[in-house]
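S.K.: One structure coming up, written as structure tokens, with questions to follow.
In the working numbering, the protein residues as written are 293 to 798.
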């Protein structure tokens, strides 16, 4: 269908802006580096296959793309480009929703500034609407609230669902207080998951620790949210139902084959039509058997107990911020505890290297006492430096008493330094331990991240549900404190406010 004036204004607010952008882009493309994307990546079938593979589904019907071939081709091309450039980071893209201009109120940047939704007159949060009504307990809840304020929902059913949720928490003060307290422990669960899904180049041990801490709070939060599944469902998923499919079955008498319209021209030139195979019709009309957007509620909030169990077994209590900063060889007894990413008992090879190294170091530490007793040389001592590593040092006056199995390593003015085959063996174990442990730690962490990435959709679904619960509970807290009254919404054009008060002015 042709792009309407209203839709064009959503992209470019003024014709002069459009011309200016066109000139700037022309200059940039002329002087800059341009990577040409092959035309075949934009083809309908190629784009469709890319999306099916990305979302692990058999049909795109649930995404509402059947009547939007241009959107399908654009989304498919973007996914292919991201796979090529971002690789593992694409795993966090688990669904898509067609943006329909009629579903939201469009607020351009100037309007948002004038309304002081997110920033006050001084360009800071103070004095803005969000500074007054933001009582969220998590960063992901705060982000969601700002997104809702920047893009107000217009759908009446979706708005009423949001108000129902706020009303529920406003009416139950005990539930609201307990939930808000538990949400403090969740932190920025969504950010930790997204970093995890981007792989080890982005994820850090602290991200896994934060995710573990958030999951520890889920059982209690799930108990508090029992019976809230419908309230916490995404209103957009309920209000933005896909339109009727643009696919018609062949009539039983075989009069007309099913055809699909391909609107491949942005400004409404003649559309192409292609026949649709029977198997494609079945595929479109059947719901997807594989959903990568799992519900966070299945007989209660998904506690992700299996993920938590894995993190509890794998990640140490207080891991260092970065890989390679661990000290597995520090003793647990007395003094400062070792800092490590992988918890003892999870990775057998790490445990074996740690134990072998500690045994070797213990043997070296006791070598001086043993050799003094065995040789009777009181001047004998065991030392270490960065150049020659471990050595046995004996003064020149006792040189005639040196055992035959000692090998001279270095001659000094008043002493000789020696090494033995056994000392070399244990020295090798100790010196190579740190590099070996670093390699094993990196591999164990990478394997752990890959395992956790398989649960990414579940974890994201839970984090987004918690963000909505955080927003609803926070808005309910504001409503109770300030004695706000729930508005009665309808499809009419009249706006009636009795005894209203401006929240920011107060």
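Yeah, the Cβ is synthetic: ideal placement off N, Cα and C, and Gly gets one too. Being a predicted model, the structure only gives us computed values, none of them experimental.
Return the CA-CA distance between residue 758 and residue 648, expressed in angstroms with no decimal places.
M.R.: As a first step, residue 758 is located in the chain shown; it is residue number 466 there, counting from the start. As a first step, residue 648 is located in the chain shown; it is residue number 356 there, counting from the start. Each residue's Cα considered, the two are about 45 angstroms apart.
S.K.: Would you call residue 599 buried or exposed, if buried means 16 or more other Cβ atoms sit within 10 Å of its Cβ?
M.R.: As a position in the chain shown, residue 599 is number 307, starting the count at 1. Label assigned to residue 599: buried.
S.K.: At the level of alpha carbons, what is the spacing between residue 388 and residue 364?
M.R.: Within the chain shown, numbered from 1, the residue matching residue 388 stands at position 96. Within the chain shown, numbered from 1, the residue matching residue 364 stands at position 72. Answer to the nearest angstrom: the Cα atoms are 10 angstroms apart.
S.K.: Round the Cβ separation of residue 715 and residue 645 to the nearest angstrom and send it over; I've been treating them as touching at under 8 angstroms.
M.R.: In the chain shown, counting from the first residue as 1, residue 715 sits at position 423. In the chain shown, counting from the first residue as 1, residue 645 sits at position 353. The Cβ separation is near 20 angstroms, so there is no contact.
S.K.: Alpha carbons only, please: which of 683, 669, 345 and 489 is nearest the one belonging to residue 699?
M.R.: For this step, residue 699 is matched to residue 407 along the chain shown. If we check each option's Cα against that of residue 699, 683 comes out closest.
S.K.: Starting from residue 710, trace the alpha helix (DSSP H) in both directions and tell me its first and last residue.
M.R.: In the chain shown, the residue the question calls residue 710 occupies position 418. Note, residue 710: premise wrong, no alpha helix (DSSP H); beta strand (DSSP E) at 707 to 711.
S.K.: Consult DSSP for residue 365 and reduce its assignment to one of helix, strand or coil.
M.R.: Looking up residue 365 in the chain shown gives position 73. Three-state result, residue 365: helix.
S.K.: Is the beta carbon of residue 633 closer than 8 angstroms to that of residue 621?
M.R.: Here residue 621 corresponds to residue number 329 of the chain shown, with the count starting at 1. Here residue 633 corresponds to residue number 341 of the chain shown, with the count starting at 1. No, the Cβ-Cβ distance between residue 621 and residue 633 is not below 8 angstroms.
S.K.: On the DSSP bridge assignment, give the partners of residue 682 in chain order.
M.R.: As a position in the chain shown, residue 682 is number 390, starting the count at 1. The partner list for residue 682 (beta bridge, DSSP) reads 676.
S.K.: Around the Cβ of residue 607, are there at least 16 other Cβ atoms within 10 angstroms (buried) or fewer (exposed)?
M.R.: Locating residue 607 in the chain shown gives position 315, counting from the first residue. Counting Cβ neighbours within 10 Å, residue 607 comes out buried, since at least 16 surround it.
S.K.: Quick check on residue 703: does DSSP put it in helix, strand or coil?
M.R.: Working through the chain shown from its first residue, we reach residue 703 at position 411. Reduced to three states, the DSSP call for residue 703 is strand.
S.K.: Taking residue 801 as the reference, give the member of 473, 440 and 503 with the closest Cα.
M.R.: This structure does not reach residue 801, given that the chain is present from 293 up to 798, and the question cannot be answered.
S.K.: Between which residues of its own chain and residue 642 is the CB-CB distance below 6 angstroms, once the five residues before and five after are set aside?
M.R.: On the chain shown, position 350 is the one that residue 642 refers to. Correct list, in chain order: 634 and 732.
S.K.: Apply the 10 Å Cβ neighbour rule to residue 496 and answer buried if 16 or more other Cβ atoms are within range, or exposed otherwise.
M.R.: Residue numbering aside, residue 496 sits at position 204 when the chain shown is read from its first letter. Looking at its Cβ environment, which holds 16 or more other Cβ atoms inside 10 Å, residue 496 is buried.
S.K.: Short check: CB of residue 438 to CB of residue 410, under 8 angstroms?
M.R.: Here residue 438 refers to the residue found at position 146 when the chain shown is read from its first residue. Here residue 410 refers to the residue found at position 118 when the chain shown is read from its first residue. The answer is yes: Cβ separation under 8 angstroms.
S.K.: Please list the terminal residues of the continuous alpha helix (DSSP H) segment that includes residue 463.
M.R.: Position 171 of the chain shown, counted from the start, is the residue given in the question as residue 463. 448 to 463 is the extent of the alpha helix (DSSP H) around residue 463.
S.K.: Do you know offhand how far residue 405's Cα is from residue 446's?
M.R.: Walking along the chain shown from the start, residue 405 turns up at place 113. Walking along the chain shown from the start, residue 446 turns up at place 154. So the two alpha carbons sit approximately 20 angstroms from each other.
S.K.: Can you check DSSP and say which residues form a bridge with residue 634?
M.R.: For the purposes of this step, residue 634 is taken as residue 342 along the chain shown, with counting starting at 1. For residue 634, which the question treats as bridged, DSSP gives the partners 607.
S.K.: For residue 787, name the three-state secondary structure that DSSP assigns.
M.R.: Position 495 of the chain shown holds residue 787. DSSP places residue 787 in coil when its eight states are reduced to three.
S.K.: From residue 361 to residue 629, what does the alpha carbon distance come to, in whole angstroms?
M.R.: Here residue 361 corresponds to residue number 69 of the chain shown, with the count starting at 1. Here residue 629 corresponds to residue number 337 of the chain shown, with the count starting at 1. Rounded to the nearest angstrom, the two C-alpha atoms are 59 angstroms apart.
S.K.: Look at residue 688 and residue 701 and say whether their C-beta atoms are less than 8 angstroms apart.
M.R.: Walking along the chain shown from the start, residue 688 turns up at place 396. Walking along the chain shown from the start, residue 701 turns up at place 409. Cβ distance not < 8 angstroms, so residue 688 and residue 701 don't count as in contact.
S.K.: With burial defined as no fewer than 16 other Cβ atoms inside 10 Å of the residue's Cβ, what is the status of residue 639: buried or exposed?
M.R.: Position 347 of the chain shown, counted from the start, is the residue given in the question as residue 639. Buried: at least 16 other Cβ atoms inside 10 Å.
S.K.: My assumption, with CB atoms under 8 angstroms, is that residue 326 sits in contact with residue 796. Please give the rounded CB distance.
M.R.: Here the question's residue 326 lines up with position 34 in the chain shown. Here the question's residue 796 lines up with position 504 in the chain shown. At roughly 47 angstroms, the Cβ-Cβ gap does not stay under 8 angstroms, so residue 326 and residue 796 are not in contact.
S.K.: For residue 552 and residue 353, what's the separation of their Cα atoms in angstroms?
M.R.: By 1-based counting over the chain shown, the position of residue 552 is 260. By 1-based counting over the chain shown, the position of residue 353 is 61. Here residue 552 scores only 35 on pLDDT, less than 50, and its place in the model should not be relied on; the value that follows carries that caveat. Their Cα atoms are separated by approximately 13 angstroms.
S.K.: Closest by CA to residue 783, which one among 450, 333, 603 and 793?
M.R.: Position 491 of the chain shown, counted from the first residue, corresponds to residue 783. Of the candidates 450, 333, 603 and 793, the one whose C-alpha sits nearest the C-alpha of residue 783 is 450.
S.K.: Evaluate residue 663 with the Cβ neighbour count: other Cβ atoms within 10 Å of its Cβ, from every protein chain shown; 16 or more gives buried, anything less gives exposed.
M.R.: The residue you call residue 663 lines up with position 371 of the chain shown. So residue 663 counts as buried.
S.K.: Quick check on residue 594: buried or exposed, where buried means 16 or more other Cβ atoms within 10 Å of its Cβ?
M.R.: In the chain shown, residue 594 corresponds to position 302, counting from 1. Classification of residue 594: buried, given that the 10 Å Cβ count is 16 or more.
S.K.: Would a C-beta distance cut-off of 8 angstroms place residue 485 and residue 752 closer than the cut-off?
M.R.: Residue 485 sits at position 193 when you count from the first residue of the chain shown. Residue 752 sits at position 460 when you count from the first residue of the chain shown. For residue 485 and residue 752, yes; Cβs fall inside 8 angstroms.
S.K.: With respect to the alpha helix (DSSP H) encompassing residue 433, which residues constitute its N-terminal and C-terminal limits?
M.R.: By 1-based counting over the chain shown, the position of residue 433 is 141. Residues 431 to 442.
S.K.: Grab the span of the alpha helix (DSSP H) containing residue 644 for me, first residue to last.
M.R.: Taking the first residue of the chain shown as position 1, residue 644 is located at position 352. Looking at the DSSP string, the run of the alpha helix (DSSP H) that includes residue 644 is 640 to 667.
S.K.: For residue 371, is the classification buried or exposed, using 16 other Cβ atoms within 10 angstroms of its Cβ as the cut-off for buried?
M.R.: Counted from its first residue, the chain shown places residue 371 at position 79. With 16 or more Cβ atoms within 10 Å of its Cβ, residue 371 is classed as buried.
S.K.: Note down, in chain order, each residue of its chain lying with its Cβ closer than 7 angstroms to the Cβ of residue 434, except the 5 sequence neighbours on either side.
M.R.: Position 142 of the chain shown, counting from 1, holds the residue named residue 434. If we look at residue 434 and ignore the five residues flanking it on each side, its Cβ neighbours are 426 and 428.
S.K.: Considering only the alpha carbon of each residue, which of 754, 348 and 597 lies closest to residue 508?
M.R.: For this step, residue 508 is matched to residue 216 along the chain shown. If we check each option's Cα against that of residue 508, 597 comes out closest.
S.K.: Verify whether the separation of the beta carbon atoms of residue 462 and residue 772 is less than 8 angstroms.
M.R.: Counting from 1 along the chain shown, the entry for residue 462 is found at position 170. Counting from 1 along the chain shown, the entry for residue 772 is found at position 480. Yes, the pair counts as a contact, with Cβ atoms nearer than the cut-off.
S.K.: Roughly how many whole angstroms lie between the Cα atoms of residue 573 and residue 748?
M.R.: Here residue 573 corresponds to residue number 281 of the chain shown, with the count starting at 1. Here residue 748 corresponds to residue number 456 of the chain shown, with the count starting at 1. In this predicted model, residue 573 has a pLDDT of only 31, less than 50, meaning its place in the structure is not dependable; the value taken from the coordinates is given anyway. If you take the alpha carbons of residue 573 and residue 748, they lie about 31 angstroms apart.
S.K.: Output the boundary residues of the alpha helix (DSSP H) element that contains residue 414.
M.R.: Your numbering for residue 414 matches position 122 in the chain shown. That residue, residue 414, is in no alpha helix (DSSP H); it is neither H nor E in DSSP.
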